[in-house]
């Protein structure tokens, strides 16, 4: 027979069983935290109609459209064109609009699914990956409470992931109203100004200042204060207050701007709500802007403090109107998204995972000979009822071979049903046991 | 703004939060059972190269191929064509071949993913759905042990699904070697004979007999014995033995056929292995054939006894050679697959689910006023540490409004942090409680 040797497809990652075990631990943990705050799960189809995706205008994202391989003549035109979703925000907006009357608001949902980007194959760039999103959507108005809940949840999620070095993660929060409020009265290209300020950590304060001063319009007189503002980092509302005051003493901020005042007030309130978190876990960082046409208030980013150039691993913010393309309702929301697969793959490549277990089995039940099959099967059943995962060895082969199988799969305990004994593979100890009462030793 | 009112896309189901909660219970249960037998999880990308899918020859399945919406000129031809997988067997074969050296055999894996069929839109036909598969793959030879493990696992899975009426499920097992062994010496169109015998339950013994007798070849003399065989149903190996003996007394079965003898022996051994299951949960049913070119020994089907016409909800069998299209190894396997979404949707439509809960929250924490925010948040955190899911109400609104929110989301308990009391929404009772020690009453 002809053999077609398969190769990995660029951008479509897959993991070995021992890596997948860790991925499941991550997923379980994320789900547990999301649900512990009362977020419900939804899943949407992998596809949306192209008309839904492009309801706001032309789609600039790289997306995959579907074609049926065995399309019959005369099929085309009748059916709606389908595309794989490239994020979970468009599907959420469509879902909320479509099921509006069946949902209870504020609608708190999480969504853990794959998304697709039809990009050119490129090293390190995923074309299929998991995203873990939480959003809260409400009708007409949305309390600030939820803006503050997001970083608390994300902190709990990220700091509890197996293999994650918690001390290296920092959540950064800002409010776009602060900078935009100040810019409102200034004749300048706001988008361009924000784009420059966003890079302040990378390029430094001096270069930021020079770039701002080179812009046309009235900006150059404000460049100093903007740079000072964007450079602010504060671990609590008191520090934020003080740093803003320092600038104000020098420059007199336009504290008459309603937007500025609201932005500062909201940001301080959020920091106060988060005072139970470890110091420095969440910081106010006024340089955070996040995209330029979507978010309207609070914005979030999450970086590795030892590698900020890697970019944000978890971002989001508040938007005024989620689903106006699909329904005549004002639906403000706030949400945050973890780029799961990229983060997982980073820690995987860094060797942060314990991949010694290749099987979920806690115990390998030895099959000493055919005569003991029923005894062995019965012991396995009793242990399973007690929530242990038990693999019954498949043939009465040499004990050495069975032990080697447990070792190669990383199964931590081996049970000898004929001897009524359990072997601890790590400690290399063996002891009497009954399936009704055995407990593994605590590590 | 222009509003594009979205409609459901035919064949791509999605569920409301209260239905999704049940779907998660199903998934969790299935995973738990699979893992309790030592099966590890893998996931493969949603796509395979079209060359991989068609390595065995032309693809007769309806599949979706991907096209990039914003394809640049000159892109085509360079990249491999990608198609969404239509099952999890082709991806498994490719996975095993590709990672052969990193896997420990026998390789026991489960896979719970979406698959796609690019069919014409049609009522009741899914184009995207979940499949839950388990397979065991080994090198060169595979012990019968695994053929017997499959029905035990599936029985435990199906009988434990919330909303499932266990007494209506029946697993049917046969071995294709039995009928094929008998047909080996007969000049006939085997495929056609099997196709007719497969329908015996639907069309009855008399019509089956007539159809067989109308075939060309030497078949008509054997038609009686084939019909009697295919009509055999036996709940244990003793009954199977006896029923075969009865036929043999009358017709003299060609027990000289090695294949027949092996098939009967294997089937009896499997029934013996399964003697711990409730009587009638698994029956030998010699009419089961399952596809005509794939399985080589044991075959499985699962039907609703009160609606056998609905078709099999969970099927599989043994195959001699999984991955010969991709690797020069003999890799026999045995596997079984649950058509998850179709089964879930059936029970959903039949109203078998308790959909009173629209949220995973166990407790709604009342926010009586802003002064109690920290007290409330702190009580919520303590309860979350104790593994309760707690939603903190988002604004200090009227208590009546907060209670109504809990009711509409089906949250079973409401906590008053100012009163140190908990209200049981079902029993409509209220009692003193501390977040450190509270336990819900058992139902």
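Residue numbers (my numbering), protein chains in the order written: chain A, 9 to 451; chain B, 9 to 451. Every residue gets a Cβ at the ideal spot worked out from N, C-alpha and C, and that includes glycine. All of these numbers come straight from a predicted model, not from anything done at the bench.
- Scanning its chain for C-beta atoms nearer than 7 angstroms, with the 5 sequence neighbours on each side dropped, one finds around residue 20/B the residues 135 and 136, in chain order.
- DSSP links residue 140/B through a beta bridge to 120/B and 346/B.
- Shortest Cα-Cα distance from residue 88/B to any of 101/B, 94/B and 74/B involves 74/B.
- Ranked by Cα distance from residue 244/A, the first of 234/A, 223/A and 272/A is 272/A.
- Per DSSP, the unbroken alpha helix (DSSP H) holding residue 269/B starts and ends at 266-281.
- Counting of Cβ neighbours within 10 angstroms places residue 451/A among the exposed residues, the total staying below 16.
- Contact with chain A is absent for residue 203/B, since none of that chain's Cβ atoms lies less than 8 angstroms from the residue's Cβ.
- Excluding its 5 nearest sequence neighbours in each direction, residue 287/B has C-beta neighbours in its own chain below 7 angstroms: 243, listed in chain order.
- When the alpha-carbon of residue 168/A is set against those of 42/A, 108/A and 225/A, the nearest one is in 42/A.
- Among the CB atoms of chain A, one or more fall inside 8 angstroms of the CB of residue 48/B.
- Our two residues, residue 112/B and residue 399/A, have alpha carbons roughly 14 angstroms apart in a direct line.
- Residue 66/A carries a coil assignment under DSSP once its states are collapsed to helix, strand and coil.
- Contact note: residue 126/A reaches chain B through 74, 75, 76, 77, 78 and 79, using a C-beta cutoff of 9 angstroms and chain order.
- Interface with chain A (8 angstroms Cβ-Cβ cutoff): residue 376/B is excluded.
- Beyond the five residues adjoining it in sequence on each side, residue 25/B comes within less than 8 angstroms, by CB distance, of 366 and 367 in the same chain, given in chain order.
- Within the DSSP secondary-structure output, residue 372/B pairs in a beta bridge with 399/B and 422/B.
- Collapsing the DSSP output to three states places residue 408/B in a helix.
- By the CB criterion at 8 angstroms, residue 53/B and residue 17/A fall inside the cutoff.
- In terms of Cα proximity to residue 147/A, the closest of 47/A, 122/A, 116/A and 141/A is 116/A.
- Taking a cut-off of 8 angstroms on C-beta distances, the stretch 173-184 of chain A does not touch the stretch 425-440 of chain B, as fewer than three cross pairs fall below it.
- Residue 134/B is outside the set of residues whose beta carbon lies under 8 angstroms from a beta carbon in chain A.
- Among the residues facing chain B, residue 71/A is included, as its CB has a counterpart in that chain under 8 angstroms away.
- Listed in chain order, the non-local C-beta contacts of residue 364/B below 6 angstroms within the same chain comprise 418, local neighbours out to five positions each way being set aside.
- When Cβ pairs closer than 8 angstroms are counted between the two stretches, the stretch 270-285 of chain A is seen not to touch the stretch 192-208 of chain A, the count staying below three.
- For the stretch 331-355 of chain A, the set of residues with a beta-carbon nearer than 8 angstroms to any beta-carbon of chain B comprises 332, 333, 334, 335 and 336, in chain order.
- Proximity of residue 12/A to chain B, defined by a Cβ-Cβ separation below 8 angstroms, is satisfied.
- If you compare the alpha carbons of 27/A, 139/A, 421/A and 33/A with that of residue 356/A, the shortest gap goes to 27/A.
- With fewer than 16 other CB atoms across the displayed protein chains lying within 10 angstroms of its CB, residue 416/A is exposed.
- Comparing C-alpha distances from residue 10/A to each of 36/B, 14/B and 65/B shows the shortest one belongs to 65/B.
- Assigned with DSSP and collapsed to three states, residue 432/A falls in strand.
- Sequence-distant partners of residue 205/B (beyond 5 residues in either direction) whose C-beta falls short of 6 angstroms from its own C-beta, in its chain, are 238 and 295.
- Residues of chain B with a Cβ closer than 7 angstroms to the Cβ of residue 237/A do not exist, since the nearest Cβ in that chain sits about 29 angstroms away.
- Interface criterion not met: the Cβ of residue 383/B is under 8 angstroms from no Cβ in chain A.
- Contact between residue 211/B and residue 220/B does not hold, since their C-beta atoms are separated by about 11 angstroms, which reaches or exceeds 8 angstroms.
- DSSP places residue 247/B in the uninterrupted alpha helix (DSSP H) bounded by 245-259.
- Using a C-beta cut-off of 8 angstroms, the stretch 307-324 of chain A makes contact with the stretch 334-351 of chain A, since at least three inter-stretch Cβ pairs fall below that distance.
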